[in-house]
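*Asks:* For reference, the structure I am asking about is given below.
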Amino acid sequence: ESKKLKLKLNNKLSKKNDSKNGSTEILFLNTKLYHEYNFKGESLYFNSKNSTLPNNVINYKGQVDLKPFSLILDVDLEKLDLLKIINKNSIIIELIKSEIFFNENVNILISLKSPNIQNQKILKNLILNLNVDQGMINLDKSNLELNKMGFLELNMTNLNFIDGELILNGEFTVKLNNSKKFFQLLQTPKKYRKDINEININFDLNIQKKELRFNNFLIDDLEPHEQIDQMIRSFNSERVVFNNFIGRHHNF
């Protein structure tokens, strides 16, 4: 136990024949992480029990394979602040910036789920997938629900360092069941508003600067035209900061 960090760690392990089972409890500040685990061959399986975070509830389970190393982790949170995840000082961003994941011998699949996105009225039911595969990182198949509008899914994504900055490039698909509400969200001029079902957008997100840039649109499989190009130029000319973009539309 560390008095300075007020960290308490309890671990219990029992062995029977070739089976190893145990439990671990970690207590620090207002956080309690408790899970049971067992070893099978070169694999470790674990499952949380009654774990809590400050003002939040967490459940997690996963598998670690040692030879070669791989991690599968499923995390469920009662609620989540989306902007804190992409904060340049967040644990996830710091780990990525350390380049520990850009290793051909590391394979990781983390799935983070939360039904409640804090400080948002239009975003809910988040599934965030972080896939590290032989030195490549993507967020493919991540998705969330756009309340009363449809849902959004990420695909063909790549997370890379470019000129010393962390850039997420990829495409997201917006499938709509209420295009009128969606146009209100984007503050699209009425002369450009038409009923649409699906939008595919290629984008770049500078995570450190939180700058979001749209590269091109594809709407309902129609060929791009001048009006779409004008919308992209208008959007990018604002040098949109991601958290400001999310924040200013949170009342829809």
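Under the working numbering, the residues of the sequence shown are numbered 73 to 324, in order. Just so you know, even glycine gets a beta-carbon here, dropped at the ideal spot from N, CA and C.
1. If I measure Cβ to Cβ from Asn83 and keep anything under 6 Å in the same chain, skipping five residues before and after, which residues do I get?
2. Just tell me which of Leu154, Leu145 and Phe275 has its CA closest to the CA of Ile191.
3. I want to know whether the segment 125-139 touches the segment 161-170 - three or more CB-CB distances under 8 Å.
4. Identify the residues that DSSP records as bridge partners of Gln135: which are they?
5. Could you check if Gly207 is buried or exposed, using at least 16 other CB atoms within 10 Å of its CB as the buried criterion?
6. For Lys262, which of helix, strand or coil comes out of DSSP?
7. Just to confirm, are Ser115 and His107 a CB contact at a threshold of 8 Å?
8. Who does Val129 pair with in a DSSP beta bridge?
9. Looking at the strands, I want to know which residues DSSP matches up with Lys185.
10. Just list the alpha helix (DSSP H) runs in the segment 212-294, keeping only unbroken ones of 4 residues or longer that don't cross its boundaries, in chain order.
11. Grab me the residues of Val204's own chain with a C-beta within less than 7 Å of its C-beta, minus the 5 sequence neighbours each way, in chain order.
12. State buried or exposed for Met228, treating a residue as buried only when at least 16 other CB atoms are found within 10 Å of its CB.
13. With C-beta atoms as the reference, is Glu217 less than 8 Å away from Thr245?
*Replies:* Answer, in terms of the structure:
1. Here residue 83 corresponds to residue number 11 of the sequence shown, with the count starting at 1. The residues are Thr96.
2. As a first step, residue 191 must be located in the sequence shown, where it is residue number 119. Rather than Ile, the amino acid found at residue 191 in this sequence is Asn. The option with the nearest alpha carbon to Asn191 is Leu154.
3. Too few Cβ pairs lie closer than 8 Å, so no.
4. Here residue 135 refers to the residue found at position 63 when the sequence shown is read from its first residue. DSSP, once it has assigned bridges, lists Tyr117 and Ile144 as partnering Gln135.
5. Your numbering for residue 207 matches position 135 in the sequence shown. Gly207 comes out exposed.
6. Mapped onto the sequence shown, residue 262 falls at position 190. In the structure shown, Lys262 sits in a helix (DSSP, three-state: H, G or I).
7. Taking the first residue of the sequence shown as position 1, residue 115 is located at position 43. Taking the first residue of the sequence shown as position 1, residue 107 is located at position 35. Taking a C-beta distance under 8 Å as the contact criterion, Ser115 and His107 do not qualify as a contact pair.
8. On the sequence shown, position 57 is the one that residue 129 refers to. DSSP output for Val129 lists Thr124 as bridge partner(s).
9. Position 113 of the sequence shown, counted from the start, is the residue given in the question as residue 185. Partner(s): Asp148 and Ile199.
10. 251-258
11. Within the sequence shown, residue 204 is the residue found at index 132, counting from 1. The answer, listed in chain order, is Phe173, Val178, Asn179 and Ile180.
12. Taking the sequence shown and counting its residues from 1, the one referred to as residue 228 is at position 156. The residue is exposed, with fewer than 16 neighbouring Cβ atoms inside 10 Å.
13. Position 145 of the sequence shown holds residue 217. Position 173 of the sequence shown holds residue 245. Going by C-beta atoms, Glu217 is not nearer than 8 Å to Thr245.
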